[in-house]
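Peer 1:
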Amino acid sequence: MIYPVIVAGGTGSRLWPLSRSNYPKQFIPLCGEYSLLQETLLRLNGLPHQPPMIICNEENRFITAEQVKQLKLLNTAILLEPAGRNTAPAIALAAFIARQQGEDPLLLVLAADHLIQNVAAFHTAVTQATALAEQGKLVTFGVVPAHAETGYGYIRRGEVAADLLGESAYQVAAFVEKPDLATAEAYLASGDYYWNSGIFMFKASCYLAELKLHRPDIYQCCSEAVAQLTQDLDFIRIDTEAFSRCAAESIDYAVMEKTTDAVVVPLDAGWNDVGGFAALWQIASKNEQNNVLRGEVFLHNSHDLYVHSDDKLIAVVGVQDLVIVNTKDAVLVAHKDHTQDIKHIVSQLKVASRPEVNVHREVYRPWGKYDSVDTGPRFQVKRISVKPGAKLSVQMHHHRAEHWIVVSGTAKVTINGTEQFITENQSVYIPVTAVHALENPGKVLLELIEVQSGSYLGEDDIVRFEDRYGRT
147 MIYPVIVAGG
157 TGSRLWPLSR
167 SNYPKQFIPL
177 CGEYSLLQET
187 LLRLNGLPHQ
197 PPMIICNEEN
207 RFITAEQVKQ
217 LKLLNTAILL
227 EPAGRNTAPA
237 IALAAFIARQ
247 QGEDPLLLVL
257 AADHLIQNVA
267 AFHTAVTQAT
277 ALAEQGKLVT
287 FGVVPAHAET
297 GYGYIRRGEV
307 AADLLGESAY
317 QVAAFVEKPD
327 LATAEAYLAS
337 GDYYWNSGIF
347 MFKASCYLAE
357 LKLHRPDIYQ
367 CCSEAVAQLT
377 QDLDFIRIDT
387 EAFSRCAAES
397 IDYAVMEKTT
407 DAVVVPLDAG
417 WNDVGGFAAL
427 WQIASKNEQN
437 NVLRGEVFLH
447 NSHDLYVHSD
457 DKLIAVVGVQ
467 DLVIVNTKDA
477 VLVAHKDHTQ
487 DIKHIVSQLK
497 VASRPEVNVH
507 REVYRPWGKY
517 DSVDTGPRFQ
527 VKRISVKPGA
537 KLSVQMHHHR
547 AEHWIVVSGT
557 AKVTINGTEQ
567 FITENQSVYI
577 PVTAVHALEN
587 PGKVLLELIE
597 VQSGSYLGED
607 DIVRFEDRYG
617 RT
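Following my numbering, the numbering of the sequence shown begins with 147 at its first residue and continues without gaps.
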């Protein structure tokens, strides 16, 4: 039985400002109704598999859980990494947990932020790989290259390893770093090279054996980290101290480049890692002028554009080959040929300690979300949306008072132990240091405007006394 392991890390830099470090691209519906993470989960339908495991970090745990719940996928495990240590340790954690349960499943390792357009072809490749993985091989999926690409690593195939369902699998001769254009063209012409997809399949025991052989330090740290697992709401936690000692290493470097049991199965399924806006423009539906448009956009005499607007009208006149992205707190204008350089802007923002690197103006929480509408020297205005039945933590602030005005729904408000209900067009005042809580007791979304005032308005001025989401 296949045990899908979905690695949902990422820094959110290549598609900034759509993606942020605390809201990377796998959570964004870039190409349709569902996010890339949800597309990855739905892609498993039709394969014989156990409930999957998603590996993510602390900051993304609630949005991960929410997106899983939206798909009504029961028993999906969410494993929290205390710190990012790349793919080799992450996969080891999943393999150890599977072995702890007395099983030795085939791990199908998937990235949460990839797009695969031909699901049937993907299923065929997985079926081909299954027989090899059952024999103890470590399978990687090599994407049949569509063009000479300099942004991907490559896999050079060796001798035929097996003939399966009319297709050949090959021994891995070498993993190759991202080439220059001339080298990429030579790779394409030879027919012996594939794009490195970052998708793998192997028995949990086989991966752990190879990891122990080639990187015993990573093996030992991960073994200690999963020795005592704890369940926290929807999440599985591991030992933070043990895992923090682990080296950061990719599965390619730690295992796949060293093992003698690596084989590559060709994958021709419309794969794309959506590595930037140019790639997003390539795969998206276009109008007659070759433009990809999202949101309210009006054009004149403009073509070959990617234009995205979250909340404003964008008017574009007389330009071509541009990426224009508007979010609630940032605007990006870039030439399509230079979108890989967006990372330099992100680096500048980090140096300047700009919040736009990490979060959007709209921030998701387990109880709903808030939108920071306006901010001044001693005030902040937020629009807060609380899901039916949800409750914010019982908390207190040292430096700010709050005024809540209900826009729609009914709020149950507790201030210093006294409960009251407020409805549309009613308001309530929470003084500095008052212990308070907000709850939506109804069956419809609660929306309210919060006006904060005080000497310090940071999110870290919260003392939590009780929290149903484990954040005390």
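Each residue gets a CB set at the ideal place from its N, CA and C atoms; glycine is no exception. All figures in this text were calculated on a predicted structure; none of them were measured in a lab.
Please state if the CB of Ile384 and the CB of Ala371 are separated by a distance shorter than 7 Å.
Peer 2: Against a cut-off of 7 Å, the Cβ pair of Ile384 and Ala371 comes out as a contact.
Peer 1: At which residues does the alpha helix (DSSP H) containing Glu333 begin and terminate?
Peer 2: The question names Glu, yet the displayed sequence has Tyr at residue 333. Segment 327-336, the alpha helix (DSSP H) holding Tyr333.
Peer 1: Leaving out five residues before and five after Val590 in sequence, what residues of the same chain have Cβ atoms less than 6 Å from its Cβ?
Peer 2: Correct list, in chain order: Gly555.
Peer 1: Under 6 Å Cβ to Cβ from Leu459, same chain only, skipping five residues before and after it: list those, please.
Peer 2: Contacts found: Glu442.
Peer 1: Do Ala350 and Asp250 come within 7 Å of each other at the CB atom, strictly closer than that value?
Peer 2: Yes, the pair counts as a contact, with Cβ atoms nearer than the cut-off.
Peer 1: Look at the alpha carbon of Tyr340 and the alpha carbon of Gln526, and state the distance between them as a whole number of angstroms.
Peer 2: Computed Cα separation, rounded: 52 Å.
Peer 1: In chain order, what are the residue ranges of uninterrupted alpha helix (DSSP H) at least 4 long that sit wholly in the segment 411-479?
Peer 2: Fully enclosed alpha helix (DSSP H) runs of 4 or longer: 423-429.
Peer 1: Quick check on the burial criterion: 16 or more other C-beta atoms within 10 angstroms. Buried or exposed for Pro512?
Peer 2: It is buried - the Cβ of Pro512 has at least 16 other Cβ atoms within 10 Å.
Peer 1: Skipping 5 residues on each side, what residues in its chain have a beta carbon closer than 6 Å to that of Tyr452?
Peer 2: Excluding positions up to five away in sequence, the list reads Phe423, Trp427, Val438, Val469.
Peer 1: DSSP three-state label for Ala355, please.
Peer 2: Ala355: helix per DSSP, three-state reduction.
Peer 1: Taking DSSP as the reference, what is the three-state secondary structure of Asp487?
Peer 2: Three-state result, Asp487: helix.
Peer 1: For Arg546 and Ile608, what's the separation of their Cα atoms in angstroms?
Peer 2: Answer to the nearest angstrom: the Cα atoms are 10 Å apart.
Peer 1: Ordered along the chain, which non-local residues of its own chain (more than five positions away) have a Cβ less than 7 Å from that of Ala211?
Peer 2: Cβ neighbours of Ala211 beyond the five flanking positions: Ile224, Asp380.
Peer 1: Can you find the residues in the same chain that come closer than 8 Å, C-beta to C-beta, to Pro194, ignoring five residues on each side of it along the sequence?
Peer 2: Excluding residues within five positions, the ones whose Cβ falls inside 8 Å are Met147, Ile148.
Peer 1: Ignoring anything shorter than 3 residues or poking outside the segment 567-594, list the beta strand (DSSP E) runs there in chain order.
Peer 2: As far as the segment 567-594 is concerned, its whole beta strand (DSSP E) runs of at least 3 residues are 573-576, 582-585.
Peer 1: Pick out the complete beta strand (DSSP E) segments inside the segment 165-242, 3 residues or longer, and give them in chain order.
Peer 2: DSSP runs (the beta strand (DSSP E)) wholly in the segment 165-242: 199-203, 223-227.
Peer 1: What three-state label does DSSP hand Val505 in the structure shown?
Peer 2: Three-state result, Val505: coil.
Peer 1: Using a Cβ-Cβ cutoff of less than 7 Å, which residues in the same chain neighbour Thr588 once the five nearest sequence positions on both sides are dropped?
Peer 2: The residue you asked about is not Thr; residue 588 is Gly in the sequence shown. Correct list, in chain order: Pro534, Gly555, Thr556.
Peer 1: Could you give the first and the last residue of the continuous beta strand (DSSP E) run that contains Glu150?
Peer 2: Note that residue 150 is Pro in the sequence shown, not Glu. That run of the beta strand (DSSP E) goes 148-153.
Peer 1: Relative to the alpha-carbon of Lys489, which residue among Asn436, Arg166, Ile152, Ser455 has its alpha-carbon at the smallest distance?
Peer 2: Checked all of Asn436, Arg166, Ile152, Ser455; the closest Cα to Lys489 is Arg166.
Peer 1: Check Thr276 in the structure and name its three-state DSSP category.
Peer 2: Helix.
Peer 1: Report yes if the C-beta distance between Ala320 and Arg303 is below 7 Å; otherwise report no.
Peer 2: No, these two residues do not count as a Cβ contact at 7 Å.
Peer 1: Just verifying my parser: in three-state terms, what is the DSSP assignment at Thr286?
Peer 2: It is a strand residue.
Peer 1: Could you work out which residue in Phe611, Thr296, Thr286, Thr473 is closest to Val519 when comparing CA atoms only?
Peer 2: It is Thr473.
Peer 1: Under the rule that 16 or more other beta-carbon atoms within 10 Å means buried, what is His543, buried or exposed?
Peer 2: Buried is the call here.
Peer 1: Just the Cα atoms here: how many angstroms apart are His454 and Gly248?
Peer 2: C-alpha separation (whole angstroms): 48 Å.
Peer 1: Check whether the Cβ atoms of Val619 and Phe287 sit closer than 7 Å, and answer yes or no.
Peer 2: There is simply no residue 619 to check, as the chain begins at 147 and stops at 618 in what is shown.
Peer 1: Locate the beta strand (DSSP E) running through Ala257, then write down its first and last residues.
Peer 2: Start and end: 252-257.
Peer 1: Tell me whether Ser531 is buried or exposed, calling it buried when 16 or more other Cβ atoms sit within 10 Å of its Cβ.
Peer 2: So Ser531 counts as buried.
Peer 1: I want to know whether the segment 272-288 touches the segment 225-239 - three or more CB-CB distances under 8 Å.
Peer 2: No: fewer than three Cβ pairs fall under 8 Å.
Peer 1: So, is Leu253 buried or exposed, given that buried needs 16 or more other C-beta atoms within 10 angstroms?
Peer 2: Its Cβ being crowded by 16 or more others within 10 Å, Leu253 is buried.
Peer 1: With Pro197 and Thr386 assumed to form a contact (beta carbons below 8 Å), what rounded beta-carbon distance in angstroms separates them?
Peer 2: That belief does not hold up - the Cβ atoms of Pro197 and Thr386 are roughly 25 Å apart, past 8 Å.
Peer 1: Once you ignore the five residues that flank Thr569 on each side, which residues in its own chain have a CB closer than 8 Å to its CB?
Peer 2: Excluding sequence neighbours, Thr569 sits near Val552, Gly555, Thr556, Ala557.
Peer 1: Just checking my contact of Leu284 with Thr405 at CB under 8 Å: how many whole Å lie between their CB atoms?
Peer 2: Going by Cβ atoms, the distance from Leu284 to Thr405 rounds to 6 Å, so yes, they are a contact pair.
Peer 1: In this structure, how does DSSP classify Tyr516 when only helix, strand and coil are distinguished?
Peer 2: In the structure shown, Tyr516 sits in a strand (DSSP, three-state: E or B).
Peer 1: Pick out whichever of His481, Glu565, Glu548 has its Cα sitting closest to the Cα of Leu603.
Peer 2: Leu603 has its Cα closest to that of Glu548, out of His481, Glu565, Glu548.
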